[in-house]
Ligand code: OVM
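Put into structure tokens, the structure is as follows:
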């Protein structure tokens, strides 16, 4: 520890305090500018916040492993809060087998087949919202769309889908410390935990849906019958809160940048790129951890084996070493290389479907809505790793 104290900048900050979660950007800058690796004493933790270092931690899966958990908890020393994800909390070769199956199920070809359904849903949703004009953008838009199209795609019944919100909030809180945010979300989730696991079973999944395709991989012996519900659980863990908050954040950002919205409205073909820039500008997933499998060096800084390393994705996505004018939201920037979907072998397997949801929502908005205005202050929903929103009061002015 003495060597750590002399070599690495130490910063007394709690990235998981309410204040930092609410407004992280000043803290990001301090950590990012202090050095390529920084030490946070409160959590006995090494942190990377620059784009290049985050990229190298995420892509070096042999030194920075996931099987000890991708949150603050080290599963070598603490029991996981739920049975480990076969995908998220695993390393090769175990990871490779299940990743191959789920990649095929979420392949561009499968996802393209969903496009018409997603477009029809966006079309009718905006027609309905435009009749009201004044809407609560989280509930009526950002939650409504993904909660309809994604569980439909997986093959889940309609009843009870709100339970997925409690589940996702808990899962993403669990990547941080065992603070009050985590404890409270765990309490809210407990009563619906059996609902979630029951809906990972084969009998709960419509034939032809993405969930059913996972079970077909068990039928052919590619994965075991016990692995199938756990992979469906990964859909339900990672596929709802993420896209919801990606959409909520980009709506807020567009409402705050009317000039940028005007460019999107004039050219709806910018929808895909606008969603991408929205993800860079407000990273939905702010933090992800790895654990060192052996002593490693990052830019001359030594880190022992079995240490937690935190990547500040939101800081990397605004690193001036990577992005010109990083704090500017610019729909004409094509922010290739942002790390909100991670990178390397664990890079988001659902990113094709997430991008399709974002693109369709923004293109439909661009066509039908002339202006998008905040009618009152938005409220954030604090979560240990998600940049989430509770309310977003909007007026949609028809084109
Ligand atoms: C999972 C999973 C995968 C990606 C993200 C995520 C915490 C969960 O397999 O459970 O969010």
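Numbering (this note's numbering), first residue to last: 2 to 400.
Each residue gets a CB set at the ideal place from its N, CA and C atoms; glycine is no exception.
The structure presented is a predicted model; accordingly, all values stated were derived computationally and were not measured.
Relative to residue 240, the option among 363, 60, 147 whose CA is nearest is 147. Contact check between the segment 13-20 and the segment 28-36: three or more CB pairs, one atom from each, fall below 8 Å, which counts as touching. Residue pairing by DSSP places residue 373 opposite 397 in a beta bridge. One thing to note: residue 355 has its Cβ no nearer than 7 Å to the Cβ of residue 249. When DSSP assignments are scanned along the segment 137-186, the uninterrupted stretches of alpha helix (DSSP H) that are 4 or more residues long and fall wholly within it turn out to be 145-155, 164-174. DSSP places residue 290 within a strand segment (E or B) once states are collapsed to three. Per the CB criterion, closer than 5 Å to any heavy atom of the ligand OVM, the qualifying residues run in chain order as 86, 88, 89, 172, 235, 238, 239. Residue 70 and residue 91 have their C-alpha atoms spaced approximately 8 Å apart. Its chain contains 130, 131, 134, 136, 370, 373 as the residues whose beta carbon lies nearer than 7 Å to that of residue 397, once the 5 sequence neighbours on both sides are disregarded; these appear in chain order.
For residue 40, the beta-bridge partners assigned by DSSP are 11, 47.
Inter-residue distance for residue 52 and residue 211 is about 33 Å (C-alpha atoms, whole angstroms). The DSSP-derived three-state label of residue 306 is coil. Residue 73 sits close to residue 177, with the two beta carbons spaced by under 7 Å.
Boundaries cannot be given for residue 74, as no alpha helix (DSSP H) includes it and DSSP labels it neither H nor E. Nearest C-alpha to residue 118 among 361, 214, 386: 361. Buried is the label assigned to residue 122, since at least 16 other Cβ atoms lie within 10 Å of its Cβ. Out of 23, 167, 378, 272, the CA that lies nearest to the CA of residue 364 is found in 272. Proximity to residue 383 across 377, 186, 295 peaks at 186, based on C-alpha coordinates.
As DSSP reads the structure, residue 389 sits in a beta bridge with 382. Cβ contact annotation for residue 173 (same chain, cutoff 7 Å, sequence separation greater than five): 242, 384, 385, 386, 387, in chain order.
Straight-line spacing of the CA atoms in residue 302 and residue 48 works out to 11 Å. By DSSP's assignment, residue 228 forms no beta bridge with any residue. Residue 44 and residue 195 have their alpha carbons spaced roughly 32 Å apart. In the structure shown, residue 30 adopts helical secondary structure according to DSSP, grouped into three states. Distance from the CA atom of residue 208 to the CA atom of residue 232, rounded to whole angstroms, is 16 Å.
The three-state reading of DSSP puts residue 285 in coil, since its state is none of H, G, I, E or B. Apart from the 5 residues on each side of it in sequence, residue 316 sits with its Cβ closer than 6 Å to the Cβ of 29, 33, 50 in its chain, given in chain order.
The beta carbon of residue 285 lies closer than 7 Å to those of 243, 246, 247, 250, 341, 387, 388 in the same chain, with the five residues before and after it left out. By the criterion of a C-beta distance shorter than 6 Å, residue 36 is surrounded in its chain by 10, once the five residues flanking it on both sides are discounted. For residue 57, the secondary structure class from DSSP, reduced to helix, strand or coil, is helix. If you ignore the 5 residues before and after residue 376, its C-beta comes within less than 6 Å of the C-beta of 394, 396, all in its own chain and listed in chain order. If only complete runs of 4 or more residues are kept, the segment 207-268 shows the alpha helix (DSSP H) at 211-220, 228-239, 242-257, 259-267, in order along the chain. Closest in alpha carbon position to residue 276, among 158, 367, 179, is 367. In this structure, residue 281 keeps its C-beta atom at 7 Å or more from the C-beta atom of residue 335.
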